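First comes the structure, then the notes that go with it.
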């Protein structure tokens, strides 16, 4: 028989490492890039935001189209031609430092409530990939689908 509490507890206490999208598959930008180059990457790749990774492989934050537009509006320099004068580090959000790959599912779930993804780091603070809210929600949805199927099967017997 399907033990809902045990399985849910197992899901929420497991490490997230197997759910991480590796850095080789993640689009990133460097903090020293121009905002023009950063916006070009975001636009051409179709992402709203991407991690900002320094030359030593550490997460410095994330940059989004909104960050860039807000920066330009706040600077009163809202001309696309001036984007090449500014660096990604000037506009990026530094409040996305990352969580460890051995973090548990429930912690990652809490962190991802208001974010589409979170950078994943190792013990040396090096970027190893990202964890997306979509991946976590798919796991939770899969759990509840399994529970529903098992409940229906139990009622038939």
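Numbering (the numbering used here), first residue to last: 2 to 158.
Glycine included, each C-beta is placed from N, C-alpha and C at the ideal position.
In this text the structure is predicted, and so the values were computed from the model without any measurement.
Three-state secondary structure (DSSP) of residue i
i          : result
residue 17 : coil
residue 79 : coil
residue 56 : coil
residue 85 : helix
residue 50 : strand
residue 62 : strand
residue 94 : strand
residue 2  : Low local confidence applies: a pLDDT of 45 at residue 2 is under 50, so the model's placement there is unreliable, with the coordinate-based value given in what follows. Residue 2 falls in the coil class under three-state DSSP.
Burial state of residue i (16 or more Cβ within 10 Å)
i           : result
residue 84  : buried
residue 39  : buried
residue 3   : Because the pLDDT of residue 3 is 49, which lies under 50, any placement of that residue in the model is unreliable, and the question is left without a value.
residue 114 : exposed
residue 68  : buried
residue 92  : buried
residue 122 : buried
residue 28  : exposed
residue 25  : exposed
residue 99  : buried
residue 105 : exposed
residue 130 : buried
residue 32  : buried
residue 52  : buried
residue 65  : buried
residue 19  : exposed
Where the beta strand (DSSP E) through residue i begins and ends
i           : result
residue 30  : Run containing residue 30: none; DSSP gives neither H nor E here.
residue 132 : 128-133
residue 120 : 118-122
Range of the contiguous alpha helix (DSSP H) that encloses residue i
i           : result
residue 102 : It is not in any alpha helix (DSSP H) - residue 102 carries neither H nor E in the DSSP assignment.
CB-CB length for residue i against residue j, believed under 8 Å
i          : j           : result
residue 60 : residue 120 : 4 Å
residue 62 : residue 95  : 4 Å
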